[in-house]
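Numbering (this note's numbering), first residue to last: 6 to 550.
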């Protein structure tokens with residue numbers, strides 16, 4: 006049950022007391038007294054339906070529990086104390102101290118909220134906004150006079166107010182998407198109830214700018230992508246080396262990792278040159294720095310120079326405003342992997358030689374030399390010696406990059422590694438394809454060993470991947486009939502179109518006959534293995550007769 010309160014004095018002090026206790030769950034103001042009919046406190050009391058009097062004696066017969074005297078007159082205080090013997094009579098000075106302390110606490114609370122970077126709004130239990138902070142104004146454009154002492158829907162129009170939802174349910178809400186302000190800005194709102202002594206007294210909401218969250222998310226995603234592109238993925242432990250030849254290459258590469266010299270990795274396409282480049286960087290003193298990969302053959306010759314060395318603002322038509330950092334600057338302190346270095350144009354080779362000699366780059370369109378500390382790891386499957394001889398590769402650059410050559414032997418020279426390679430590839434493809442192939446049969450391994458493997462490990466992965474795609478779900482191991490391999494033939498030079506057509510026809514006949522034989526005469530199954538329609542197969546068979 007609420008305690009009954011009489012306020013004597015409706016000036017500034019009495020008005021502050023009335024405002025403070027108007028919505029108190031513990032006290033009910035029964036009357037406000039002041040001799041001045043125009044007193045501010047009397048106006049407020051009338052607006053809230055509270056009895057007003059000009060003389061406290063007119064309230065003498067009312068039962069009250071508390072009397073607060075705010076006139077500041079000692080005789081009035083003593084008269085009240087003498088008359089209301091059953092009530093607690095408090096002097097205005099006491100109330101003033103209490104109000105000042107409360108005001109200080111409120112000011113401190115408001116200062117803390119104002120310093121918060123999050124946009125905050127607070128509503129009372131009637132659903133009116135009573136407090137916002139500067140971050141709220143910056144985000145929404147609404148000032149205090151626009152929303153304070155107004156319904157909590159003043160800033161959101163016809164949308165459902167989270168404050169009203171919290172006040173109606175007594176429960177918090179999270180991540181509510183809304184639009185706010187004149188620009189209908191996308192926001193996320195979290196709101197929680199304010200509970201005082203077990204009673205719901207209001208709601209506090211925290212607002213976040215969705216566009217800012219999107220920008221942070223995009224920035225994070227860009228950073229993750231950048232990290233993935235700049236980090237070395239593979240170590241020497243990822244390289245299968247059971248043959249003497251590959252063990253020797255591993256020893257060479259480990260030694261190269263500990264030295265700062267330029268490394269040239271040579272080998273046929275598909276032997277794993279990039280794998281070695283990753284591993285060398287990963288065991289070098291630069292392993293915690295950037296690892297930047299560049300495929301020199303994949304970038305247009307007209308763009309390669311600007312991509313490698315960067316360019317200044319306005320260096321050429323279409324140049325990015327402000328210029329662009331090149332790969333050498335990006336890899337500063339780390340390693341730069343130049344794959345297919347044999348494809349570099351001669352003018353770019355000149356600038357690369359300067360970087361290797363002077364350890365500095367000059368951007369396209371610029372004049373200032375920028376120092377860089379980059380370890381070069383180059384790779385090629387081209388015959389650089391022949392390129393030097395025919396003038397397409399500079400001899401001085403060749404000697405500069407060939408100080409630490411590493412040659413990776415082709416797969417046909419290390420056939421004993423086909424089984425461990427195949428098993429590693431099957432585990433990888435199981436994860437990519439969502440399959441559960443357990444392994445590969447010994448007969449299939451022998452069949453793989455009989456191939457020439459012009460594409461090396463990359464070709465082996467292609468063959469095994471194709472076999473797994475066409476395997477039924479009941480097959481547990483790759484068998485010889487799953488492998489779609491071309492029969493080994495002696496390659497002869499063809500001198501005319503007719504001979505080439507005949508050779509292609511013979512080759513096609515052999516594939517079709519082999520597929521039908523392995524399918525036990527089932528032409529539909531043979532067509533599926535050949536990845537052609539049954540109609541196409543019958544047409545080809547008709548032409549073969």
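Ideal Cβ positions, reconstructed from N, Cα and C, are used throughout, including at glycine.
In its own chain, which residues sit with a C-beta less than 6 Å from the C-beta of residue i, not counting the 5 before and 5 after it?
i	result
residue 564	Residue 564 lies beyond the residue range present for the chain, which begins at 6 and ends at 550; the question has no answer from this structure.
residue 446	482 and 484
residue 19	12, 46 and 75
residue 195	179 and 211
residue 353	309 and 310
residue 273	386, 415 and 461
residue 512	none
residue 342	282, 298 and 382
residue 294	338 and 339
Identify the continuous beta strand (DSSP E) that holds residue i and give its terminal residues.
i	result
residue 354	Looking at the DSSP string, residue 354 is not in any beta strand (DSSP E); the run it does join, the alpha helix (DSSP H), is 351-363.
residue 58	56-58
residue 385	380-385
Considering only residues of the same chain and omitting the five flanking positions on each side of residue i, which have a CB-CB separation below 7 Å?
i	result
residue 155	133 and 134
residue 418	250
residue 285	258, 261, 262, 268 and 382
residue 475	487 and 534
residue 44	15 and 16
residue 167	178, 181, 194, 196 and 210
residue 365	374, 375, 376 and 377
residue 86	94
residue 35	9, 10, 11, 56, 67 and 69
List the endpoints of the continuous alpha helix (DSSP H) containing residue i.
i	result
residue 376	No alpha helix (DSSP H) contains residue 376, which is instead part of the beta strand (DSSP E) from 374-376.
residue 184	Taken as a continuous stretch (DSSP letters only), residue 184 belongs to no alpha helix (DSSP H), being part of the beta strand (DSSP E) at 178-185.
residue 171	167-174
residue 39	Where residue 39 is concerned, there is no enclosing alpha helix (DSSP H), given that its DSSP letter is neither H nor E.
residue 309	306-314
residue 140	139-145
residue 472	461-475
residue 530	528-535
residue 393	389-395
residue 12	Careful: residue 12 lies outside any alpha helix (DSSP H), inside the beta strand (DSSP E) at 8-13.
residue 543	539-549
residue 87	79-88
residue 347	Looking at the DSSP string, residue 347 is not in any alpha helix (DSSP H), and its letter there is neither H nor E.
residue 151	149-152
residue 330	Unbroken run through residue 330: none, as it is neither H nor E.
residue 20	17-26
Excluding the 5 residues preceding and the 5 following residue i in the sequence, name in chain order all residues of the same chain whose CB lies nearer than 8 Å to its CB.
i	result
residue 143	124
residue 184	161, 164, 190, 191 and 192
residue 141	124, 125, 126, 147 and 212
residue 8	31, 32, 33, 70 and 71
residue 176	198
residue 406	267, 269, 346, 361, 381 and 383
Taking DSSP's pairing of strands, which residues face residue i in a bridge?
i	result
residue 94	72
residue 434	Paired residues: none, contrary to the question.
residue 195	211
residue 338	BP columns for residue 338 are empty, so no partner.
residue 444	482
residue 296	340
residue 128	134 and 208
residue 412	271
residue 33	9
residue 406	DSSP, once it has assigned bridges, lists no residue as partnering residue 406.
residue 201	204
residue 366	375
residue 190	185
residue 425	Residue 425 is not bridged to any residue.
With residue i and residue j assumed to form a contact (beta carbons below 8 Å), what rounded beta-carbon distance in angstroms separates them?
i	j	result
residue 328	residue 337	Actually they are not in contact, since the Cβ atoms of residue 328 and residue 337 sit about 16 Å apart, beyond 8 Å.
residue 344	residue 300	5 Å
residue 10	residue 71	5 Å
residue 490	residue 430	15 Å between Cβ atoms; not a contact.
residue 424	residue 450	5 Å
residue 369	residue 404	Wrong, their Cβ atoms sit about 26 Å apart, outside the cutoff.
residue 50	residue 57	5 Å
residue 422	residue 276	Going by Cβ atoms, the distance from residue 422 to residue 276 rounds to 11 Å, so no, they are not a contact pair.
residue 139	residue 119	6 Å
residue 4	residue 473	Within the shown structure, residues of the chain are numbered from 6 to 550, placing residue 4 beyond reach of any answer.
residue 531	residue 520	4 Å
residue 59	residue 40	5 Å
From the beta carbon of residue i, is the nearest beta carbon of chain B less than 8 Å away?
i	result
residue 462	Of the chains in the structure shown, none is chain B; there is only one protein chain.
ask   = For the stretch 258-292, which segments carrying the beta strand (DSSP E) assignment without a break, of at least 3 residues, lie completely within its bounds, in sequence order?
value = Runs of the beta strand (DSSP E) spanning 3 or more residues and lying entirely within the stretch 258-292 occur at 268-271, in chain order.
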